[in-house]
Amino acid sequence: MPPAIHPVDLLRVLRHQRLTPAIVFLTSRRACDEAIGSFEHRQLPIPPTRSTAITDVLDHMIAEYPSIAGHPLIPTVQQYGVAAHHAGHLPSWKIAVEELMRQGCLDAVFATTTLAAGVDFPARTVVMTQSSVRKNRNIMELTVNEIQQLAGRGGRRGKDYVGFVVVTPSPYIDLGPIANGLTNHPEPIDSQFVVSYPMVLNLLKAHSIDHIQPILEKSFAQFQLNQRADAYETKLDDVETQLETYGRRECADWIAQWQSFSLAKKRRSHHRRKTQHDPPEISAQLAFLTPGRTVELSKAHAIVLRQYRSRGQGAPMLTVMRSGGRIIEYPASAVTAVIDEVIDLTEARRFPWCTPQSLNHAIETLEQFPARLRRLPIRVDQDGADNPVLTETLKDEFPCPTCPSRPACQKDHPQALKLRQEEHRLTKTIHAMRTELWHRFQQHVEVLQKFGYLTPACQLTSEGDWARLIRINHSLLITELIRMGAFEGITASLLAGVLASIAHDDDRPASFPGRHPALTSTLGQVRKIAHSLSAYEEPPLLRWDVAAIADRWIAEPTLPWNELIRSTTMAEGDVYRLLARTLEYLSQVYGLKATHPGLAGVARDAMDLMRRDVLQELP
Amino acid sequence: MTNDALAKHLTGLPVRLLHRLAKNRVHRHFRMGKTRLIQSLLSLPPEQRSEIETTLTSFLPEPPRPSKPSKPDRAAKPNLQPDAPSRPAPPSRQHQVPTEAAISTQALLEGIGVPPPQPFKPDDWQREAINCLATNDVILSVPTGSGKTYVAIEAMRRAIEAERTVIYTSPLKALSNTKLTEFSQLFGADQVGILTGDRRDNPQAPILIMTTEILRNLLYDAASGEIDMRLDTLGLIILDESQFLADAERGVVWEETIIFAPAQSRLLLLSASIGNPEEVAAWIGSIRSTSCHLIQHRKRSVPLRAAYLDPSGKLAPFFRTRDIASGKDFALHPETKRLFANYEDRTLGPRYRR
Numbered sequence: 001m002p003p004a005i006h007p008v009d010l011l012r013v014l015r016h017q018r019l020t021p022a023i024v025f026l027t028s029r030r031a032c033d034e035a036i037g038s039f040e041h042r043q044l045p046i047p048p049t050r051s052t053a054i055t056d057v058l059d060h061m062i063a064e065y066p067s068i069a070g071h072p073l074i075p076t077v078q079q080y081g082v083a084a085h086h087a088g089h090l091p092s093w094k095i096a097v098e099e100l101m102r103q104g105c106l107d108a109v110f111a112t113t114t115l116a117a118g119v120d121f122p123a124r125t126v127v128m129t130q131s132s133v134r135k136n137r138n139i140m141e142l143t144v145n146e147i148q149q150l151a152g153r154g155g156r157r158g159k160d161y162v163g164f165v166v167v168t169p170s171p172y173i174d175l176g177p178i179a180n181g182l183t184n185h186p187e188p189i190d191s192q193f194v195v196s197y198p199m200v201l202n203l204l205k206a207h208s209i210d211h212i213q214p215i216l217e218k219s220f221a222q223f224q225l226n227q228r229a230d231a232y233e234t235k236l237d238d239v240e241t242q243l244e245t246y247g248r249r250e251c252a253d254w255i256a257q258w259q260s261f262s263l264a265k266k267r268r269s270h271h272r273r274k275t276q277h278d279p280p281e282i283s284a285q286l287a288f289l290t291p292g293r294t295v296e297l298s299k300a301h302a303i304v305l306r307q308y309r310s311r312g313q314g315a316p317m318l319t320v321m322r323s324g325g326r327i328i329e330y331p332a333s334a335v336t337a338v339i340d341e342v343i344d345l346t347e348a349r350r351f352p353w354c355t356p357q358s359l360n361h362a363i364e365t366l367e368q369f370p371a372r373l374r375r376l377p378i379r380v381d382q383d384g385a386d387n388p389v390l391t392e393t394l395k396d397e398f399p400c401p402t403c404p405s406r407p408a409c410q411k412d413h414p415q416a417l418k419l420r421q422e423e424h425r426l427t428k429t430i431h432a433m434r435t436e437l438w439h440r441f442q443q444h445v446e447v448l449q450k451f452g453y454l455t456p457a458c459q460l461t462s463e464g465d466w467a468r469l470i471r472i473n474h475s476l477l478i479t480e481l482i483r484m485g486a487f488e489g490i491t492a493s494l495l496a497g498v499l500a501s502i503a504h505d506d507d508r509p510a511s512f513p514g515r516h517p518a519l520t521s522t523l524g525q526v527r528k529i530a531h532s533l534s535a536y537e538e539p540p541l542l543r544w545d546v547a548a549i550a551d552r553w554i555a556e557p558t559l560p561w562n563e564l565i566r567s568t569t570m571a572e573g574d575v576y577r578l579l580a581r582t583l584e585y586l587s588q589v590y591g592l593k594a595t596h597p598g599l600a601g602v603a604r605d606a607m608d609l610m611r612r613d614v615l616q617e618l619p
Numbered sequence: 620m621t622n623d624a625l626a627k628h629l630t631g632l633p634v635r636l637l638h639r640l641a642k643n644r645v646h647r648h649f650r651m652g653k654t655r656l657i658q659s660l661l662s663l664p665p666e667q668r669s670e671i672e673t674t675l676t677s678f679l680p681e682p683p684r685p686s687k688p689s690k691p692d693r694a695a696k697p698n699l700q701p702d703a704p705s706r707p708a709p710p711s712r713q714h715q716v717p718t719e720a721a722i723s724t725q726a727l728l729e730g731i732g733v734p735p736p737q738p739f740k741p742d743d744w745q746r747e748a749i750n751c752l753a754t755n756d757v758i759l760s761v762p763t764g765s766g767k768t769y770v771a772i773e774a775m776r777r778a779i780e781a782e783r784t785v786i787y788t789s790p791l792k793a794l795s796n797t798k799l800t801e802f803s804q805l806f807g808a809d810q811v812g813i814l815t816g817d818r819r820d821n822p823q824a825p826i827l828i829m830t831t832e833i834l835r836n837l838l839y840d841a842a843s844g845e846i847d848m849r850l851d852t853l854g855l856i857i858l859d860e861s862q863f864l865a866d867a868e869r870g871v872v873w874e875e876t877i878i879f880a881p882a883q884s885r886l887l888l889l890s891a892s893i894g895n896p897e898e899v900a901a902w903i904g905s906i907r908s909t910s911c912h913l914i915q916h917r918k919r920s921v922p923l924r925a926a927y928l929d930p931s932g933k934l935a936p937f938f939r940t941r942d943i944a945s946g947k948d949f950a951l952h953p954e955t956k957r958l959f960a961n962y963e964d965r966t967l968g969p970r971y972r973r
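Chains as they are written, first to last, in the working numbering: chain A, 1 to 619; chain B, 620 to 973.
This is the structure in structure tokens:
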């Protein structure tokens with residue numbers, strides 16, 4: 001998105017306040033190009049002397065890099081002293097812009113934030129228009145590191161007394177993160193260590209499997225993991241000291257012993273009676289809540305008519321008669337006190353659960369009761385397990401019921417169990433941290449053994465010996481393709497096409513008109529194989545359009561660069577990067593010349609054909 | 620209280636108190652300048668407004684007590700008096716410590732210009748880094764543009780004088796090319812070579828430039844004994860942009876390079892400011908034969924200032940202070956807050972407006 005201020009106005013203000021030269025960081029390539037485009041037909045030209053200076057520098061650069069000549073942005077640069085610099089441009093153009101900037105010819109360069117590290121030239125002013133950036137389809141806030149990287153381009157040593165960061169709003173801005181990024185300490189960095197197949201093969205070529213673990217332990221990843229593990233170790237020591245305070249018990253592992261004992265207790269009692277679920281104070285009461293018993297229910301007295309269990313939950317229930325002869329059902333827990341009075345009731349099997357005479361008698365008695373009655377003290381046994389019958393049966397299997405440390409165990413067990421679990425958890429985490437890298441290495445070893453690159457003794461097979469030379473992404477796919485003979489009799493252009501589609505990992509949309517059947521069918525095969533390997537290696541995008549670009553560049557050795565660019569919607573810089581990467585992949589295949597002379601020869605041809613025109617300008 | 624009276628009271632208050640009044644009542648009050656704050660406080664609904672009026676009276680200084688000559692010690696030792704209500708604590712304290720006035724745009728833009736050319740004199744830390752490299756590995760974590768390259772060049776010069784070779788790695792091919800031009804001009808084209816995935820220019824030169832991946836591959840080959848380049852004369856490895864250690868895809872290559880770097884060659888890591896250079900130094904020190912010396916500072920060689928540019932073309936200081944302070948406590952310039960609040964009001968829909 002463009003900034004809210006018009007680029008021309010932005011430059012006018014910067015010039016007026018003597019804040020030029022400036023680097024303006026924008027959100028997208030398109031915004032950069034549009035900003036440059038908006039300078040046309042505006043009355044903001046630079047003096048002719050500066051235009052000539054720019055032309056001089058450009059001529060100088062063109063002599064070295066012919067691909068700059070005829071660049072569509074050159075007139076704008078000459079007239080207005082502004083330029084765009086982003087990944088969509090050829091490296092030669094970016095070098096030219098950097099040179100112009102270094103010579104102080106330009107007033108502003110519009111660049112994208114994504115390539116801040118690639119913008120290796122300073123200016124007096126850095127203009128920031130955003131506080132967040134798009135990364136892989138997500139909008140992410142700029143980190144302190146990134147903001148400082150951007151702001152760091154402001155102020156040229158030896159050329160400026162002072163540098164500036166100018167913040168100007170765009171729809172992607174909030175001032176907080178920027179202010180924070182300018183003032184705060186940068187974030188700490190973390191290791192991003194990953195184990196890859198080429199790494200495993202190359203390590204095992206040089207060292208025996210017994211020496212690998214010490215090598216992995218030298219990594220920054222392990223260093224950081226160790227630091228975290230050390231922190232956990234301190235915690236673990238803490239837990240262990242706490243556990244020691246419980247002292248010695250009769251049995252060595254009293255926590256586990258008590259744990260299994262209480263589990264057994266629970267299980268037995270469950271089989272025995274459901275009532276065991278009742279809270280102890282209720283189950284203690286239940287024995288007294290017989291028909292005729294007087295109870296206290298919310299400060300009034302009542303007489304129990306019957307005791308039963310509810311159908312669903314099996315909760316203990318009471319049918320009581322309250323003052324005035326009201327017959328009501330209550331859960332047993334509603335009873336606040338049991339009174340030391342029992343009246344005679346003749347029970348009946350149906351409502352009202354007693355004979356009418358005894359009911360009348362009960363009503364009368366209830367009315368005559370004084371307000372205060374003697375409560376029945378009920379001993380509540382807090383330990384439900386103290387059920388003598390239960391203890392008796394468990395005595396044969398466990399020492400606990402008769403053990404002298406029993407009260408101590410019973411008291412300490414809940415807390416001790418928590419500590420013990422914490423101890424286990426910590427031990428496990430620490431172990432995982434110490435061995436994580438080694439574990440990942442072994443997983444890769446297993447895959448390589450399965451495919452026959454490694455012997456069961458973890459030595460390189462003859463296949464592994466050449467496969468280790470492929471040290472790029474998707475190495476497993478490439479070596480498997482070679483082993484399966486997918487490249488047998490392949491042409492140089494087709495090989496380049498396939499490798500290009502493996503190398504290209506950008507899903508920025510592009511199109512390329514026309515595909516030819518040989519490429520399509522080869523890519524189809526490659527896709528199948530990549531899919532079959534997807535459990536071991538993330539399959540590449542395998543786009544046919546990028547394959548077609550590389551294929552055409554080699555198949556037509558007289559094709560000029562501009563012609564190739566015109567046939568696709570991909571940006572020039574992207575095509576350049578694609579072909580440069582393909583060259584790298586080809587050179588890896590060429591590295592197999594000792595074992596696969598035929599294929600290496602084809603790769604050599606492809607490289608020779610590919611390196612022409614623009615691709616020859618830079619090493 | 621009438622509108623005018625209230626407005627008068629509010630104008631008399633410091634902005635900090637206005638923000639306190641506006642808290643939880645006015646949306647995004649912290650972005651507003653004084654005038655807008657007062658306006659929005661005045662336009663609050665009646666019940667909130669009466670709250671403000673009551674709070675306001677507690678802020679206002681107490682009417683001066685009729686002076687009683689019989690109690691001179693009261694004024695002398697006010698802290699000993701337990702009856703707190705007589706002390707309107709918050710306002711008096713705030714008036715005692717007047718916040719520094721925010722700087723003006725003019726002051727911000729003062730001193731722009733080109734310094735006269737001066738003979739280059741290396742900073743202390745630069746000399747320290749070069750001297751340390753004789754015996755130790757060195758990590759340089761300093762702000763961008765403060766002269767890391769000088770250290771690299773000087774260290775290279777020393778290595779060449781000692782008849783040692785140098786490998787210089789950068790994360791991007793584009794940067795490799797820039798460095799090739801730069802070093803060729805300094806040391807002569809025959810002294811500098813470049814290695815890329817598919818091409819080697821002048822590979823026997825004492826200074827070799829390559830991407831870190833290429834160096835890693837060289838070290839792989841060296842480990843398995845099939846080296847086609849002499850690594851035993853390698854005296855110095857310079858890893859530029861070492862903060863790539865934290866790159867999700869490529870960071871592992873930097874780690875491998877540091878792990879497998881030959882024991883006799885010194886490492887020089889050039890890095891932008893990172894949060895934990897001590898940790899990286901401790902790691903390298905723990906796996907290499909010598910200790911790793913960390914040189915870090917956060918002072919920029921050219922001071923940096925920040926400004927806010929409104930879409931209308933008006934320029935304002937970004938912070939209250941002229942230079943960018945370091946640390947968590949920053950204060951945006953009131954003018955910037957006001958301009959940005961206006962911008963948001965204009966661009967965000969009426970839904971967000973309060």
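Ideal placement from N, C-alpha and C gives every residue a C-beta, glycine not left out.
Residues that DSSP places opposite residue i in a beta bridge
i: residue 597 of chain B; result: This structure leaves residue 597 of chain B out entirely; chain B is present only between 620 and 973.
i: residue 294 of chain A; result: A:303
i: residue 128 of chain A; result: A:25 and A:167
i: residue 942 of chain B; result: B:924
Distance CB(residue i)-CB(residue j) smaller than 8 Å
i: residue 558 of chain A; j: residue 496 of chain A; result: no
i: residue 903 of chain B; j: residue 889 of chain B; result: no
i: residue 808 of chain B; j: residue 941 of chain B; result: no
i: residue 892 of chain B; j: residue 760 of chain B; result: yes
i: residue 674 of chain B; j: residue 640 of chain B; result: yes
i: residue 880 of chain B; j: residue 192 of chain A; result: no
Chain-order list of residues whose beta-carbon lies under 7 Å from that of residue i (same chain, five-residue window excluded)
i: residue 884 of chain B; result: 853, 854, 855 and 856
i: residue 659 of chain A; result: There is no way to answer for residue 659 of chain A, as the model of chain A reaches only from 1 to 619.
i: residue 701 of chain B; result: Caution applies to residue 701 of chain B, whose pLDDT of 44 falls short of 50 and renders its modelled position unreliable; the value that the coordinates give is listed next. Taken in chain order, the list of residues that qualify is empty.
Close beta carbons around residue i, own chain, < 8 Å, minus the five adjacent residues each side
i: residue 346 of chain A; result: 354, 355, 357 and 358
i: residue 919 of chain B; result: 762, 764 and 765
i: residue 704 of chain B; result: At residue 704 of chain B the pLDDT is 45, less than 50, meaning the model places this residue with poor confidence and gives no usable figure here.
Three-state secondary structure assigned by DSSP to residue i
i: residue 703 of chain B; result: Low local confidence applies: a pLDDT of 42 at residue 703 of chain B is under 50, so the model's placement there is unreliable, and no value is given.
i: residue 135 of chain A; result: strand
i: residue 105 of chain A; result: coil
i: residue 321 of chain A; result: strand
i: residue 112 of chain A; result: strand
i: residue 173 of chain A; result: coil
i: residue 155 of chain A; result: coil
i: residue 858 of chain B; result: strand
Any non-hydrogen atom of the ligand HEM within 7 Å of residue i CB
i: residue 581 of chain A; result: As presented, the structure is devoid of all ligands, the ligand HEM included, so that no description of it is given.
Give a yes or no on contact between the stretch 744 to 758 of chain B and the stretch 785 to 801 of chain B, applying the rule of three or more CB pairs nearer than 8 Å.
no
Segment contact flag, the stretch 205 to 213 of chain A with the stretch 469 to 485 of chain A, C-beta cutoff 8 Å, min 3 pairs:
no
Mind the definition here: the stretch 526 to 542 of chain A touches the stretch 572 to 589 of chain A only if three or more C-beta pairs lie below 8 Å; say whether that holds.
no
Check whether the stretch 332 to 345 of chain A and the stretch 286 to 293 of chain A touch, using three or more Cβ-Cβ pairs below 8 Å as the test.
yes
Take every Cβ of the stretch 363 to 372 of chain A, pair it with every Cβ of the stretch 321 to 336 of chain A, and state whether three or more of those distances are shorter than 8 Å.
yes
With three or more C-beta pairs closer than 8 Å as the rule, is the stretch 42 to 55 of chain A touching the stretch 149 to 159 of chain A?
no
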